[in-house]
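Residue numbers (the numbering used here), protein chains in the order written: chain F, 763 to 1150; chain C, 28 to 213.
Every residue gets a Cβ at the ideal spot worked out from N, C-alpha and C, and that includes glycine.
These numbers were taken from a predicted model, which means no experiment stands behind them.
Below is one structure, written out as structure tokens, with a few remarks after it.
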């Protein structure tokens, strides 16, 4: 039935990977992911899983080593953050192109410059188009659950793609909170042994990650897109199975009090729970507020979004990253584009919030809803509460 | 919901305190958060750490600006940091000190309840070192009832192993010896 424990979320994410009995961890430490790296190393050192921990000299090497290990048929976990993830960037699309089901735990953090170690989503957003499946967790429980789900989705024969699990740096990684840790037996029943499609083996030589001439490169890219688009069906199946086994429901877009909502906030990550309190407070004041929390960023849940916004007059989309010189934040631009062809669609406004660890409080979310109720902001997108 | 801010210096164990309190509360079936002030830490520099404890699920993930309780592990901080900033008028200030109210009031402008505990003295006697985090946990538990004093035992044992009994004894002594020196005007 699992055990309710108090645990730091970073540690819990490594424990979740251990429950999945990973074979190889290749990780380079970086704040605020370091506790994940350290704890994975402890788990291997203590012999709690029959695994190798590959120490590497950089994140570029971490993911490269992870790929090499995965190509031999191993179940592989890695983890990073911020500059580390940017340094890995070159390798990310290769991982997905080679259809290697690696799971990456990401402690989301701002990117330089100016140098900043605190939380936002500017590290993951540049990875959007690399062909990885992306989950976003609201809390420690979701970090643990999604880590276990990630292996099942990634290794599913109809998916065979890497998955990253996004947890807000500090706000989640450094938080001690109650988490129900599933039993080993439960995880064993949920997650079958990984059976690779093809492996590197000296006795059975194959080529992986080869050159593609113009005659075939485009087909390879299209195939990758088909794979990630089709992965949504499997993700939904896995989440349904999870709910049946563990009783916790997962949806690509989780709606909170939106049935009769006039204005709905949209969040991704740990600020969703603070926003829930804002919705409750506004409801007490007679404001019909609601909230949509995005849990699946890639593949983007277009159909679920269109369904979720029905009846809502204004959407206030929050972004934790910038698209400099672009149309607004990346989440906003995705949502607006997703709803463009809808005959009836809400007005959509955009707030850029919580950059580089800037705290966003309940009252801030309430004020965003009040402003958004007008259906239009003073600018196409607003850096909420930012001076200058 | 009870919100607590801890003041200490890097290395004095404020972060360990918030972990131990959160674990004790969760062990009791309550909901709790324990978290450091986010960012780099340097040994000896002033640091803060935070707790939330509630019987209901805790959703809020923004910072704590108006704590119900402030715990000061190192009395020298009182002159350096505005330790009562944002502290609710109905709240409690708990300081590790042997100073009198009049002496404390030289640096503190707070009209609410003030409690003191000679945690350094207790820690020296019980642990042999002036590290006061587990001692002050005992004092905090007495003042707030955030958890039962026995609930600290298991997390302290898990954390400190061989030297756990000394830390448990220090916490229990502080539980008995903490004194409210000002009932406050509110």
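- Cβ neighbours of residue 1133(F) within its own chain (closer than 7 Å, five residues either side excluded): 1139.
- Annotation: residue 779(F) to residue 910(F) spans about 7 Å, alpha carbon to alpha carbon.
- For residue 1018(F), there is no enclosing alpha helix (DSSP H); the residue is part of the beta strand (DSSP E) that begins and ends at 1015 to 1018.
- Listed along the chain, the chain F residues whose CB falls inside 7 Å of the CB of residue 195(C) amount to none; the nearest CB is some 18 Å away.
- Minimum Cα-Cα distance from residue 1004(F) among the listed residues 992(F), 913(F), 818(F) corresponds to 913(F).
- Contact annotation: residue 205(C) and residue 121(C) have beta-carbon atoms nearer than 9 Å.
- Counting only Cβ-Cβ distances below 8 Å, residue 60(C) has contacts in chain F at 937, 938, 939, in chain order.
- For residue 1092(F), the enclosing alpha helix (DSSP H) has its first and last residue at 1092 to 1101.
- For residue 80(C), the closest of 127(C), 168(C), 182(C) by C-alpha to C-alpha distance is 168(C).
- Put simply, the stretch 1097 to 1111 of chain F does not touch the stretch 43 to 50 of chain C. Fewer than three CB pairs are less than 8 Å apart.
- The stretch 1081 to 1098 of chain F makes no contact with the stretch 981 to 999 of chain F: fewer than 3 CB pairs, one atom from each, lie closer than 8 Å.
- Between the alpha carbons of residue 805(F) and residue 841(F) lies a gap of roughly 15 Å.
- As computed with DSSP, residue 1056(F) is found in a beta bridge with 1015(F).
- Within the same chain, 183, 184 come within 7 Å of residue 191(C) by CB-CB distance, once the 5 residues on both sides are set aside.
- Using a CB distance cut-off of 9 Å, residue 898(F) does not count as an interface residue toward chain C.
- Between the stretch 850 to 866 of chain F and the stretch 1015 to 1032 of chain F there are fewer than three inter-stretch CB-CB distances shorter than 8 Å, so the stretches are not counted as touching.
- If you draw a straight line from the Cα of residue 927(F) to the Cα of residue 839(F), it is about 11 Å long.
- If you look at residue 807(F), you'll find it in the alpha helix (DSSP H) that goes 796 to 807.
- Along the stretch 89 to 108 of chain C, the positions whose C-beta sits under 9 Å from a C-beta of chain F are 89, 90, 92, read in chain order.
- In the three-state reduction of the DSSP assignment, residue 928(F) falls in the strand class.
- Within chain C, the residues whose beta carbon sits less than 8 Å from that of residue 1122(F) are 89, listed in sequence order.
- From the listed residues 982(F), 1029(F), 907(F), 792(F), the smallest Cα separation to residue 1009(F) is found for 907(F).
- For residue 182(C), the nearest beta carbon of chain F is closer than 9 Å to its own beta carbon.
- Using beta-carbon distances, residue 50(C) counts as an interface residue toward chain F, with a partner under 9 Å.
- When DSSP states are grouped into helix, strand and coil, residue 898(F) belongs to the strand group.
- The Cβ atoms of residue 86(C) and residue 1038(F) lie closer than 9 Å to each other.
- For residue 65(C), a Cβ of chain F is located within less than 9 Å of the residue's own Cβ.
- In the structure shown, the three-state DSSP call for residue 769(F) is strand.
- For residue 932(F), the closest Cβ of chain C is nearer than 9 Å.
- Residue 202(C) is classed as buried because its beta carbon has at least 16 other beta carbons within 10 Å across all chains shown.
- Secondary structure at residue 1001(F): helix, using DSSP grouped into helix, strand and coil.
- Your pair residue 1052(F) and residue 1018(F) checks out as a contact, with CB atoms roughly 6 Å apart and the cut at 8 Å.
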